[in-house]
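Notes follow once the structure below has been shown.
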Amino acid sequence: MNISEVVIHPVFHHIFQSIEHPEEQYTHIGDALGRDCMITRFKDGWMRMYDGEGTRNEDWYTWGADVLAPFDGVVKSVYINPITNTPGTLIPGRASSIVFAREDGVLVTYAHVMDIHVTEGDRITVGQVVAKAGNNGYSRHPHIHVGAWIGETPLQVRFDLQAMGRQMKALGERHYLC
Numbered sequence: 001m002n003i004s005e006v007v008i009h010p011v012f013h014h015i016f017q018s019i020e021h022p023e024e025q026y027t028h029i030g031d032a033l034g035r036d037c038m039i040t041r042f043k044d045g046w047m048r049m050y051d052g053e054g055t056r057n058e059d060w061y062t063w064g065a066d067v068l069a070p071f072d073g074v075v076k077s078v079y080i081n082p083i084t085n086t087p088g089t090l091i092p093g094r095a096s097s098i099v100f101a102r103e104d105g106v107l108v109t110y111a112h113v114m115d116i117h118v119t120e121g122d123r124i125t126v127g128q129v130v131a132k133a134g135n136n137g138y139s140r141h142p143h144i145h146v147g148a149w150i151g152e153t154p155l156q157v158r159f160d161l162q163a164m165g166r167q168m169k170a171l172g173e174r175h176y177l178c
């Protein structure tokens, strides 16, 4: 079976890792074939996701980072969960999220966001700051979940690595080289 995919703009201005959700791990359309994205930094000889103990949201490099629009399109929906989780704990429930719609029918969701800068119906442009990264809903640490689909078909998410390279060069980031 062929897997359909979508290439979107990087979620952050910084280098990040993503952990993929394999098929059937989660059944909700926005979770199927999705990814969890966390900013990483090279520190003390290792790629790390947090500084210190990682017991506070503020320890995590992802916490409060700008979250960037995946493409030119429209904000289809916004959901806000006002509860913030503490790293290592899980408060089940729906995460704060934004669903974006592209003209061709592709939908992308970003979950676990906070300080959302857009509302339903807003037009967005690729790379625009739409929120900050948070830790809410079904989450044990700060990250952004990305899911994509068209109709009832989940899409495998790929990031535009050329755009990511341009961002890293503009920021002068070299710590991603290992």
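The UniProt record's numbering puts the first residue of the sequence shown at 1, with every later residue one more than the last.
Think of the CB as a built atom: it goes at the ideal place given N, C-alpha and C, for glycine as much as any other residue.
Q: Return the CA-CA distance between Val-146 and Thr-109, expressed in angstroms with no decimal places.
A: Reading the sequence shown from its first residue, position 146 is the one you call residue 146. Reading the sequence shown from its first residue, position 109 is the one you call residue 109. Between Val-146 and Thr-109, the C-alpha separation is close to 6 Å.
Q) Over what stretch of residues does the alpha helix (DSSP H) that includes Arg-166 continue unbroken? A) Residue 166 sits at position 166 when you count from the first residue of the sequence shown. Unbroken alpha helix (DSSP H) run through Arg-166: 161–171.
Q: Could you check the C-alpha separation between Glu-5 and Gln-156 for me, to the nearest Å?
A: Here residue 5 refers to the residue found at position 5 of the sequence shown. Here residue 156 refers to the residue found at position 156 of the sequence shown. Near 4 Å, if we compare the C-alpha coordinates of Gln-156 and Glu-5.
Q | Own chain residues within Cβ distance below 8 Å of Leu-90, not counting five before or after | A | Within the sequence shown, numbered from 1, the residue matching residue 90 stands at position 90. So the list reads Tyr-138, Ser-139, Arg-140, once near-sequence residues are dropped.
Q) If you drop the 5 nearest sequence neighbours on each side, which residues of the same chain put their C-beta closer than 8 Å to that of His-117? A) For this step, residue 117 is matched to residue 117 along the sequence shown. Same-chain partners within the cutoff: Val-129, Val-130, Ala-131.
Q: Go through the segment 93–125 residue by residue and report every complete run of the alpha helix (DSSP H) that reaches 4 residues or more, in order.
A: none
Q) Identify the residues that DSSP records as bridge partners of Trp-149: which are they? A) The count along the sequence shown starts at 1 and reaches residue 149 at position 149. Looking at the DSSP assignment, Trp-149 forms a beta bridge with Leu-107, Pro-154.
Q) Do you know whose CA, among Gly-151, Gly-121, Gly-88, His-21, lies nearest Ser-77's CA? A) Looking up residue 77 in the sequence shown gives position 77. Cα-wise, what sits closest to Ser-77 is Gly-121.
Q | Leu-177 classed as buried or exposed, judged by whether at least 16 other C-beta atoms fall within 10 angstroms | A | In the sequence shown, the residue the question calls residue 177 occupies position 177. The pLDDT assigned to Leu-177 is 48, lower than 50, so where the model puts this residue is not dependable; a value taken from the coordinates is nonetheless given after this. Leu-177 is exposed by the Cβ-count criterion.
**Q.** Per DSSP, cross-strand counterpart(s) of Ile-144
**A.** Your numbering for residue 144 matches position 144 in the sequence shown. Partner(s): Cys-37.
Q) Which residues does DSSP pair with Met-47 in a beta bridge? A) Here residue 47 corresponds to residue number 47 of the sequence shown, with the count starting at 1. Its beta-bridge partners are Phe-42.
**Q.** Straight-line gap, Arg-56 to Asn-81 (C-alpha atoms, nearest Å)
**A.** In the sequence shown, the residue the question calls residue 56 occupies position 56. In the sequence shown, the residue the question calls residue 81 occupies position 81. Answer to the nearest angstrom: the Cα atoms are 19 Å apart.
Q. Residues bridged to Val-130 by DSSP?
A. For this step, residue 130 is matched to residue 130 along the sequence shown. Val-130 pairs with nothing; no bridge assigned.
Q: Leaving aside the five residues before and after Asp-115 along the sequence, list all residues of the same chain whose C-beta is less than 7 Å from its C-beta, in chain order.
A: Along the sequence shown, one-based indexing puts residue 115 at 115. Ala-131, Lys-132, listed in sequence order.
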